[in-house]
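Residues 1 to 80 in our numbering are what the sequence shown spells out, letter by letter.
To keep things clear, I will list the structure first and then write my remarks on it.
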Amino acid sequence: MIDPEFLRRMAGAISLATELAVTVTLGVLAGAWLDRRFDTAPTFLLVLSLLGLAIGTTRLVRGVQEFWSSDDGDPPDDRR
Numbered sequence: 001m002i003d004p005e006f007l008r009r010m011a012g013a014i015s016l017a018t019e020l021a022v023t024v025t026l027g028v029l030a031g032a033w034l035d036r037r038f039d040t041a042p043t044f045l046l047v048l049s050l051l052g053l054a055i056g057t058t059r060l061v062r063g064v065q066e067f068w069s070s071d072d073g074d075p076p077d078d079r080r
C-alpha cells in the first residue's frame with residue numbers, strides 16, 4: 001500500500017505546479033483578449049504574462065517554504 005504521507009506530499013507538489021501553470025495561463029489569456037479588444041498587441045500580453053509568472057512564482061516559493069517548515073527538518077542545503 002502507498003504511504004499516506006507520500007500521497008499528501010505529492011498532492012501538495014501537484015497543487016503548487018498546477019497553481020503556477022494556471023496563473024501564467026490566465027495572464028496570457030487575459031493579455032491576449034485585452035490586446036485584441038484595444039488593438040495594443042503585444043503590450044497587455046507581455047505585461048499580464050509576466051505578472052502571472054511573478055504571482056505564480058511567489059506563491060510557489062511560499063508554498064515550498066511552508067512545505068519545508070511543516071516538515072520535521074530543514075530543507076537540504078546543496079550549496080556547500
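Where is the CB? At the ideal position from N, CA and C, for every residue including glycine.
The model shown is predicted, which means the values in this text are computed figures rather than measured ones.
- For the pair P42 and S69, the Cα-to-Cα distance works out to about 40 Å.
- In this model, D3 and A17 are separated by some 21 Å (Cα to Cα).
- Going by C-alpha positions, V47 is about 47 Å away from M1.
- Collapsing the DSSP output to three states places I55 in a helix.
- Across the structure, G27 and F6 are spaced so that their CA atoms are roughly 32 Å apart.
- F38 sits exposed, since fewer than 16 C-beta atoms from the chains shown fall within 10 Å of its C-beta.
- Contact annotation, G56 with E19: C-beta distance approximately 6 Å; criterion of less than 8 Å satisfied.
- Take A30, set aside five residues on each side of it, and the residues of its chain with a beta-carbon closer than 7 Å to its own are L48, in chain order.
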